[in-house]
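Trainee: Encoded as structure tokens, here's the structure I'll be asking about.
Residue numbers (the numbering used here), protein chains in the order written: chain B, 1 to 81; chain Z, 82 to 525.
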């Protein structure tokens with residue numbers, strides 16, 4: 001599974017678990033408007049670390065926090081390279 | 082008293098001694114008891130009380146690195162060892178006596194010292210060197226004083242090592258009114274239960290983790306105690322129910338005690354937590370109060386003080402010992418929330434691992450769980466859980482891992498606010514239990 005599809009699946013899964021109404025995922029979607037709360041993102045990041053084996057937030061370099069869903073996916077894709 | 086290394090009849094100590102004539106060389110000294118075997122430690126305790134000025138009881142897993150500090154803090158000038166003492170090489174004291182679990186005739190009198198012997202216990206600190214806690218036989222047996230002798234003979238056993246407070250309480254009870262089957266850390270549950278059954282044990286104690294291990298072993302039917310006791314950790318309803326189901330004929334009781342605070346209470350109604358009436362009850366031998374959400378205890382069973390220059394005070398100015406155990410009253414009962422400081426902070430919201438573990442452990446296929454913080458860039462931490470599943474029972478098999486994780490997540494969601502629901506649940510084959518019989522909490 002690609003990084004993008006793994007992330008998409010986690011967003012959908014966590015939204016269901018947290019009983020959140022997830023907006024349709026597009027690269028332009030602002031994360032604050034995605035319908036997910038910070039706990040949901042915390043869970044997504046933790047699970048992605050398990051499934052992808054990476055945590056792009058845990059690095060000595062400054063991390064630009066993603067604003068859109070597209071930013072979020074790219075952060076992982078770039079880190080995975 | 083039955084150990085894996087031998088059997089000693091306590092009444093034979095009236096005319097015999099493991100020390101023989103060497104006992105007098107320990108008179109009025111500060112004696113470190115550093116045996117490998119529990120039976121030799123038991124004999125040393127029984128014989129040295131009233132003879133030595135102070136006895137310092139080393140825990141079985143004590144690291145040799147800590148010995149110099151313990152010797153100087155406690156003023157030890159003698160030691161008692163047995164054939165296999167792992168600490169023998171690390172001890173250089175003026176008097177050194179090696180004993181075996183066999184009695185020699187003792188012809189001379191054994192006069193008791195006028196002043197009581199001091200007992201020094203070591204606490205298993207979570208970090209660093211153990212603390213030295215000063216007791217006397219009177220404070221250690223405070224919970225026993227005034228108890229009526231049982232109508233029928235009592236045979237005790239305990240998963241604990243008797244050199245820890247919980248085990249020492251059982252040892253003293255057995256000496257007071259019965260006999261005792263000692264455990265051995267290297268012994269399989271099956272073998273231990275075999276000895277327990279052969280000795281006709283009526284009363285048996287252990288930590289919830291010891292008992293979960295026993296329940297997991299599938300061998301509980303090999304023994305038939307009338308009294309089952311849990312202490313040393315906070316029992317959840319799951320382990321209490323498990324023991325009640327395994328031993329329907331038995332009284333399943335859980336006790337709260339600590340090395341510093343002594344025995345506070347015993348709960349016999351089969352329910353987790355304890356009745357709020359115990360707190361602030363007037364005229365009780367053990368006084369309990371709750372301050373800043375932690376349980377505090379004052380009684381004749383509390384220790385005198387910590388040994389050592391600059392040691393922190395063991396009791397508050399009012400004589401109460403702060404247990405550091407957080408409690409919360411719900412529906413007429415206090416429930417333990419875990420240790421102060423063991424709290425997980427999820428985005429500013431507090432989560433006590435034990436309350437999540439209690440929900441996980443309520444699932445019929447969960448034997449044991451460990452909840453801990455997992456570092457998280459979004460909320461600081463999220464809750465993570467590891468779960469040990471029960472073995473299949475006949476035709477009944479546990480659900481597939483993915484299904485079980487889903488069921489557990491759903492169960493937590495029903496019972497807990499969102500931030501307390503584990504973000505991830507892993508099924509693991511086992512969880513580490515410390516030498517003191519407690520679940521190891523890596524981040525605690």
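For every residue, glycine included, the Cβ atom is placed at its ideal position computed from N, Cα and C. Remember, predicted model here, so these are calculated numbers, not experimental data.
(1) Below 7 Å on C-beta distance, what does residue 457 of chain Z contact in chain B?
(2) Looking at residue 152 of chain Z and residue 116 of chain Z, is the spacing between their C-beta atoms short of 8 Å?
(3) Answer with buried or exposed for residue 471 of chain Z, where buried requires no fewer than 16 other C-beta atoms within 10 angstroms of its C-beta.
(4) Tell me which residues share the same chain as residue 442 of chain Z and place their Cβ nearer than 6 Å to its Cβ, disregarding the 5 neighbours each side in the sequence.
(5) Measure the C-alpha to C-alpha separation of residue 130 of chain Z and residue 178 of chain Z and round it to an integer number of angstroms.
(6) Is there at least one Cβ from chain B nearer than 8 Å to residue 428 of chain Z's Cβ?
(7) Using alpha carbons as the reference points, say which of Z/256, Z/396, Z/185 and Z/110 lies closest to residue 194 of chain Z.
(8) Report all residues from its chain with a CB closer than 6 Å to the CB of residue 85 of chain Z; omit the five preceding and five following residues, and keep chain order.
(9) Just grab the DSSP bridge partners of residue 455 of chain Z for me.
(10) Using the rule of at least 16 other Cβ atoms within 10 Å of the residue's Cβ for burial, across every protein chain shown, is residue 294 of chain Z buried or exposed?
(11) Could you give the DSSP three-state label for residue 309 of chain Z: helix, strand or coil?
(12) Where in the stretch 14-38 of chain B do unbroken runs of the beta strand (DSSP E), each at least 3 residues long, occur, reported from the N-terminal end onward?
(13) Please say whether residue 388 of chain Z and residue 408 of chain Z have beta carbons closer to each other than 8 Å?
(14) Could you run through the stretch 8-33 of chain B and flag, in chain order, every residue whose CB is less than 8 Å away from some CB of chain Z?
(15) Mind checking whether residue 184 of chain Z and residue 97 of chain Z have CB atoms under 8 Å apart?
(16) Indicate whether residue 58 of chain Z and residue 512 of chain Z have their beta-carbon atoms separated by less than 8 Å.
(17) Suppose the cutoff is 7 Å on Cβ atoms and the five residues either side in sequence are ignored; what does the same chain contact list for residue 208 of chain Z look like?
(18) Can you list the residues of chain B that residue 505 of chain Z reaches, using a CB-CB cut of under 9 Å?
(19) Could you tell me whether the Cβ atoms of residue 558 of chain Z and residue 414 of chain Z are closer together than 8 Å?
(20) Give the C-beta separation of residue 143 of chain Z and residue 128 of chain Z to the nearest angstrom, bearing in mind that I take them to be a contact with Cβ-Cβ under 8 Å.
(21) Would residue 78 of chain B count as contacting chain Z if we go by Cβ distances under 8 Å?
(22) Does residue 499 of chain Z have its Cβ less than 8 Å from a Cβ in chain B?
(23) Using the C-alpha atoms, what's the distance from residue 213 of chain Z back to residue 506 of chain Z?
(24) Applying the criterion that 16 or more other CB atoms from any shown protein chain within 10 Å of the CB defines a buried residue, is residue 457 of chain Z buried or exposed?
(25) Considering just the uninterrupted stretch of the alpha helix (DSSP H) at residue 76 of chain B, what are its terminal residues?
(26) Determine the direct distance from the alpha carbon of residue 245 of chain Z to that of residue 517 of chain Z, and round the result to whole angstroms.
(27) Give me the residue from Z/297, Z/403, Z/466 and Z/91 with the minimum Cα distance to residue 474 of chain Z.
(28) Assuming residue 236 of chain Z contacts residue 280 of chain Z under a Cβ cut-off of 8 Å, what Cβ separation, rounded to an integer in Å, is found between them?
(29) Considering only residues of the same chain and omitting the five flanking positions on each side of residue 201 of chain Z, which have a CB-CB separation below 8 Å?
(30) Is the stretch 4-20 of chain B close to the stretch 29-46 of chain B, with three or more CB pairs under 8 Å?
(31) At a CB distance below 7 Å, what residues from the stretch 449-477 of chain Z approach chain B? Give them in sequence order.
Mentor: The answer reads as follows:
(1) 42, 45 and 46
(2) no
(3) buried
(4) 317, 319 and 450
(5) 16 Å
(6) yes
(7) Z/110
(8) 265
(9) Z/463
(10) buried
(11) strand
(12) none
(13) no
(14) 17 and 18
(15) yes
(16) The first residue shown for chain Z is 82 and the last is 525, placing residue 58 of chain Z beyond what the model contains.
(17) Interpretation of residue 208 of chain Z is limited by its pLDDT of 42, a score under 50 that renders its predicted location unreliable; no figure is taken from the coordinates.
(18) 43, 46, 47 and 50
(19) Residue coverage of chain Z in this structure runs from 82 to 525, which leaves residue 558 of chain Z outside it and unanswerable.
(20) Their Cβ separation, rounded to whole angstroms, is 21 Å, which puts residue 143 of chain Z and residue 128 of chain Z out of contact at 8 Å.
(21) no
(22) yes
(23) 39 Å
(24) buried
(25) 69-80
(26) 8 Å
(27) Z/297
(28) 6 Å
(29) 135, 136, 137, 138, 155, 213, 214, 215, 216 and 388
(30) yes
(31) 455, 457, 458, 459, 460 and 463
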